[in-house]
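Count along the sequence shown starting at 1, add 7, and that's the number in this note's numbering.
Read the structure below first, then the notes.
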Amino acid sequence: MTELSGLQIFKYLPAAKKAEHTNCKECGCPTCMAFALKLAKHNIDIEKCKYAPENLKEICEQNAKQPQKTVEISGVKIGGENVLYRHEKTFINKTALAVVIDMAAPDWKEKYERVKNFEITRVNEHLKVDLIIVKNGTLPDTITYEELKKLPLKEIIDKEFSSTANELIETRKKAVLEKDENCSNPVYVYFKHTEDKNLLCAKASYYICKYANMLVFEDFDEYLLTALMTLRQNIFTDPQKPLQVESKIYEFNNPDENSLIFMTTNFALTFFAVANELESLPVPSYLIVTPAEGMSVLTAWSAEKFTAKMVAKTLKKFDFANKVKNRKIIIPGLLAHMKDELQEEIKDFEIIVGTVDAFAIGDFVKNLNK
Ligand code: SF4
């Protein structure tokens, strides 16, 4: 059942029907419309209006139900989702990635060490296996398969791709659209051992997108987990909250007072693209990262989050003019139109327009030194 808008709610209230009690204010709102708008945002209880019809109360009761439960397993939260598509609002808890350690297997210790020690860092996040599930024994900071089975979760043992995918989609649709309590438990897919790692990766990738709350693997493969964690990070990033890095002055290859100075915004993807290039330059450099609410350079400029005044403020905050002798700051090529404005505001430095793309920084620096 989809949520009602304020206008849809209003149609049920006395004012819409020009009935008795219209805009009576007994609910504490100045009008029925104000009440309807508050109710649509869940900021007031339907019971505050004694004149709301029963069918509206039933709709509100249904809407108040949580579509999917949240379950915490050894500190890892899964479920709690209430939309089908990320752009509708956001996804809440990322698909957990779990590995099974069977202590009856001869090589379990070696596998356990590999799983525990596996870690990748991507866009400032340190990513590890979320959960270790143990069979035929117990280990610290893990959960046994028997304990897992007792939790309010739905298990799908993966066999055919189409049947698993259909079950995942149908379960999530019933949970979110119909608030069907029989489908409100988070769902995990259990992958038995397979030699076909490519098929395993393809299936697991699809199930992360639609709609597994957790994937459990009997196999452990670092390459597989790396691919899945990369995909997962992209799917579960809140589109309304861009990934951002700290606004500060970053140093590459031990810069001194004469080193190159670059500038960009704190949008994480831009930062890492530029940082990778600066790391591989044969010369040291600084990167001034301005606060821009995680927006890329052009977006930040158009939203007035990257202005000459803000850049000047950042330089002042870090007392940068007194730290270096180099008097040239290289700005992103996309901000070439801001050169004069920046120059006007930043008297201590000469503004140089750099490259549009990060990958061209190497060639740009070569030509700069000619
Ligand atoms: Fe309208 Fe009901 Fe509020 Fe009266 S109590 S103003 S009828 S919403």
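Glycine residues also receive a C-beta, built at the ideal position from the N, C-alpha and C atoms.
- Around the C-beta of residue 366, fewer than 16 other C-beta atoms lie within 10 Å, and the residue is accordingly described as exposed.
- The C-beta of residue 88 has 16 or more other C-beta atoms within 10 Å across all chains shown, which makes the residue buried.
- Relative to ligand 1, the beta carbon of residue 59 is positioned inside 8 Å of a heavy atom.
- Fewer than three Cβ pairs drawn from the region 115-130 and the region 81-98 lie within less than 8 Å of each other, which leaves the two stretches out of contact.
- Closest in alpha carbon position to residue 29, among 56, 163, 222 and 334, is 56.
- Taken through DSSP and simplified to helix, strand or coil, residue 270 comes out as strand.
- Counting every other CB atom within 10 Å of its CB across the protein chains shown gives residue 214 a total of 16 or more, marking it as buried.
- In the three-state scheme derived from DSSP, where H, G and I count as helix and E and B as strand, residue 52 is classed as coil.
- Taking a contact to require three or more Cβ pairs closer than 8 Å, the region 203-214 and the region 164-177 qualify as touching.
- Taking 9 Å as the cut-off, the beta carbon of residue 250 is found no closer than this to the beta carbon of residue 235.
- Inclusion of residue 348 and residue 315 in the CB contact set at 9 Å is warranted, their separation being smaller than that value.
- Here the alpha carbon of residue 344 sits roughly 30 Å from the alpha carbon of residue 260.
- By the Cβ rule, the region 138-150 does not count as touching the region 244-258, because fewer than three pairs are nearer than 8 Å.
- It is roughly 47 Å from the alpha-carbon of residue 18 to the alpha-carbon of residue 156.
- Taking C-beta separations shorter than 8 Å and ignoring five residues to either side along the sequence, the partners of residue 122 in its chain run 106, 108, 136, 139 and 227, following chain order.
- The closest heavy atom of ligand 1 lies less than 8 Å from the beta carbon of residue 20.
- Residue 116 and residue 310 have their C-alpha atoms some 54 Å from each other.
- Here DSSP, grouped into helix, strand and coil, assigns residue 103 to strand.
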